[in-house]
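Under my numbering, read the sequence shown as residues 114 to 439, first letter to last. The block underneath contains the structure these notes are about, expressed in structure tokens.
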Amino acid sequence: MTRLALAVTGVTKRFGNHVAVEDMTFEVPRGCVYGILGPNGAGKSTTLRMINDIIAPDAGSITILGDLAPGPTAAQRIGYLPEERGLYPKMPVLGMIQFMGELRGLSAAEAQRRAHVWLARLGLEQWAKNKVQDLSKGMQQKVQFATALIHDPELVILDEPWSGLDPINAEVLRETVEEIRTSGRTVLFSTHQMEQAEKVCDAVCIIARGQKILDGKLLDIKRAAAGEGRIALAFTDDASRAAAEAPLADRALVASREAPRGGEVADYEVQLAAGIQSPQLLRVLVDAGVGLRRFELVVPTLHQIFVDRVGADAAVAARREETAHA
């Protein structure tokens, strides 16, 4: 059995003169949580729609679960939560979930049984007989999540799944994603919310303006970014801070010095000069009699990596959108 749940190779999609996705290539291993990350308009939803055979690529290929092309056969093994919600507002909540299970090939009895299980799991049992339109946006999101998972799909595709969820329901969603991964199945989702992605992803693909900027295991990406020479410093006393002034002002050693990022317990963050390794700075500081409480290689957050790779303007736009949905 192939180790890949999904292979996207050289995929391009145009809408008139607009190139929504350009030469996109990435691979999703089985049994992982994989995030497609980027600002709104980056091409995330277009990519997921091509995987689900909602629209066809103009070039390139998509292979699902080893040997399947997008289409009806693959769809039976996929659970898809679209960005635009598709519930029938006047249907009872239980009936809505059961109906979607039957569409996925379950018997009526089995679909009803699984629907009750999902209602209990998502804390919606008391709403089972209510119409979908009676539920809040967050609860409707949970119902749609159940409709995407009721048939135990091998590949779960979620488009902006955290949009509109409060912190409690966002945590429920994260727990469910972790359960899917633990069962050996695969989750692929898109989001502009870097903090959510960082909590659940094994691997990511960052895209902007329809093009892949960076992809790989999240651990490897963060390790590589941490190796770019940013150090957090904290001194034992004012005398040590003063003694550090001369070494930190040496541009052959330190390229820049800044206040620590929000939430950091440090006096400074410094960027090492090109070709300088962290032990060299540590040796110079110790030789200068500097007392240190902290000397630590800074591991950037996924949001910080996103800013560095995508650009501040796009990152600010994504942050504003995330705040609006919080």
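Glycine included, C-beta positions come from ideal geometry on N, C-alpha and C. Source: prediction; values computed, not measured.
- Relative to A118, the option among V134, L178, A347 and P170 whose CA is nearest is L178.
- Burial is judged here by how many other beta carbons sit within 10 angstroms of a residue's own beta carbon; Y193 has at least 16 and is buried.
- Secondary structure note for G214: its alpha helix (DSSP H) is the uninterrupted segment V206 to L216.
- For Q309, same chain residues with a beta-carbon under 6 angstroms away, outside a window of 5 residues either side, are W275 in chain order.
- A Cβ-Cβ distance of about 4 angstroms is found for the pair I210 and A228, placing them in contact under the 8 angstroms criterion.
- The residues L194 and F302, in chain order, have a CB closer than 6 angstroms to that of L271 in the same chain once the five nearest residues on each side in sequence are set aside.
- Counting only runs that start and end inside the region 329-372, the beta strand (DSSP E) elements of at least 3 residues fall at 343-348 and 367-371.
- In this structure, the straight-line span from the alpha carbon of A241 to that of R190 is close to 26 angstroms.
- Exclusion of the five residues before and after K157 leaves I149, G151 and S303 as the residues of its chain whose Cβ lies within less than 6 angstroms of its Cβ.
- Listed in chain order, the non-local C-beta contacts of P373 below 8 angstroms within the same chain comprise A345, A379, D380, Y381 and E382, local neighbours out to five positions each way being set aside.
- In the structure shown, the three-state DSSP call for E196 is coil.
- Taken atom to atom, the span from the alpha-carbon of G402 to that of E409 is near 18 angstroms.
- Inter-segment contact for the region 231-250 and the region 162-178 is absent: fewer than three beta-carbon pairs are separated by less than 8 angstroms.
- A distance below 6 angstroms between beta-carbons, with the five flanking residues on each side excluded, links E371 to the following residues of its chain, in chain order: E382.
- In the structure shown, A155 falls within a coil segment according to DSSP collapsed to helix, strand and coil.
- The bridge partners DSSP lists for K244 are P205.
- Only exposed fits V399, as fewer than 16 other CB atoms lie within 10 angstroms of its CB.
- The beta-bridge partner set that DSSP reports for D272 consists of S303.
- DSSP, reduced to helix, strand and coil, places H131 within a strand of the structure shown.
- Note: C318 is bridge-paired with I149 and D328 in the DSSP secondary-structure output.
- Each of M137, H264, D171 and I167 was checked against the Cα of G129, and the nearest Cα belongs to D171.
- Residue pairing by DSSP places L405 opposite F348 in a beta bridge.
- Residue burial annotation: L216 is exposed, with fewer than 16 other C-beta atoms found within 10 angstroms of its C-beta.
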